[in-house]
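Structure first, then comments.
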Amino acid sequence: WFAQIHSDQGAVIQLTPESMDIFSNSVSDNPDCRYGCVVAYAGRPPRFNVAKNLRSPSSALSAALFSALYAGAGRVSEVYPPPQPEPEVRNMLEAKLGRELDPSVNDGLVPTTSMLWGDILWAGAADHLDVLGHFKGSRESGHTDWLVSGVGFRQPRFDAVMNAIADFLLPSGGT
130 WFAQIHSDQG
140 AVIQLTPESM
150 DIFSNSVSDN
160 PDCRYGCVVA
170 YAGRPPRFNV
180 AKNLRSPSSA
190 LSAALFSALY
200 AGAGRVSEVY
210 PPPQPEPEVR
220 NMLEAKLGRE
230 LDPSVNDGLV
240 PTTSMLWGDI
250 LWAGAADHLD
260 VLGHFKGSRE
270 SGHTDWLVSG
280 VGFRQPRFDA
290 VMNAIADFLL
300 PSGGT
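Offset between the sequence shown (1-based) and the numbering used here: plus 129.
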């Protein structure tokens with residue numbers, strides 16, 4: 130799996146700030162389509178707890194990987210800084226995320242303000258993979274936390290994200 134990722138760098142190149150800047154400037158929103166986004170903030174990775182992580186080498190590796198990814202996503206490009214939201218959107222996000230929304234805030238892979246597009250369907254504490262269903266769950270749930278971020282994202286929060294998306298997609302009054 131890692132070998133396949135290493136051999137196919139196309140997606141990495143296409144998702145760089147430079148490529149996304151070109152993409153964003155060459156397309157426009159379809160007026161017949163609604164747009165919505167999920168906005169996540171992971172917070173700084175917790176300090177590494179040697180005793181805790183000795184029990185799970187895979188969690189230790191994942192936590193180290195998350196720390197490196199978080200640091201990389203938090204670097205602000207002077208040429209392509211993340212977009213800044215309107216003041217009312219900023220205030221709402223800061224209230225939901227519980228912190229100031231500076232350009233270094235991210236979910237471990239993407240700057241938080243780069244996630245904004247259309248209506249904000251859900252905003253809260255999560256890493257990039259949590260909102261896709263890759264978070265720590267019970268053995269029966271089948272959920273695996275690929276990025277150990279220390280956010281504490283669990284099933285109730287995932288359900289809230291999915292419900293927000295479903296509510297957005299369903300016509301008004303739909304069930």
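Beta carbons are placed, not taken as given, at the ideal position from N, Cα and C, and that holds for glycine. From a predicted model like this one, the values you see are computed outputs, not experimental measurements.
Candidates the options: closest to residue i by CA position
i    : options                : result
D297 : Y164, A202, T273, D231 : Just to set this straight, residue 297 is Phe in the shown sequence, not Asp. F297 has its Cα closest to that of Y164, out of Y164, A202, T273, D231.
A289 : S270, V260, L276       : V260
N220 : I249, F282, P240       : I249
Q284 : A293, S267, C162, A224 : S267
V168 : G253, F282, V208, M291 : G253
L198 : E229, N235, K225, C162 : N235
P240 : S136, G172, L194       : G172
S157 : S301, L299, W246       : W246
Proximal residues to residue i (C-beta, below 7 Å), its chain only, five neighbours per side dropped
i    : result
P175 : G279
E223 : E229, L230
E147 : Y209
With 16 other Cβ atoms within 10 Å as the buried cut-off, status of residue i
i    : result
S243 : buried
V141 : exposed
S196 : buried
L132 : It is worth fixing the name first, because residue 132 is Ala in this sequence and not Leu. Burial call: exposed.
P211 : buried
F282 : buried
D256 : buried
G237 : buried
L258 : buried
F287 : buried
A295 : exposed
Residues near residue i in its chain [Cβ-Cβ closer than 6 Å; skip 5 each side]
i    : result
A293 : L250, W251
A192 : V277
M291 : none
G139 : none
Contacts around residue i, its chain only, beta-carbon distance under 8 Å, and the 5 residues preceding and following it disregarded
i    : result
H263 : H272, T273, D274, W275, L276
Residue i: first and last residue of the uninterrupted beta strand (DSSP E) it sits in
i    : result
V205 : No beta strand (DSSP E) contains V205, which DSSP labels as neither H nor E.
C166 : 165-170
Span of the alpha helix (DSSP H) around residue i
i    : result
V290 : 284-298
- Query: Could you give the uninterrupted runs of the alpha helix (DSSP H) lying entirely in the stretch 214-251, keeping only those of 4 residues or more?
  - Reply: 216-226
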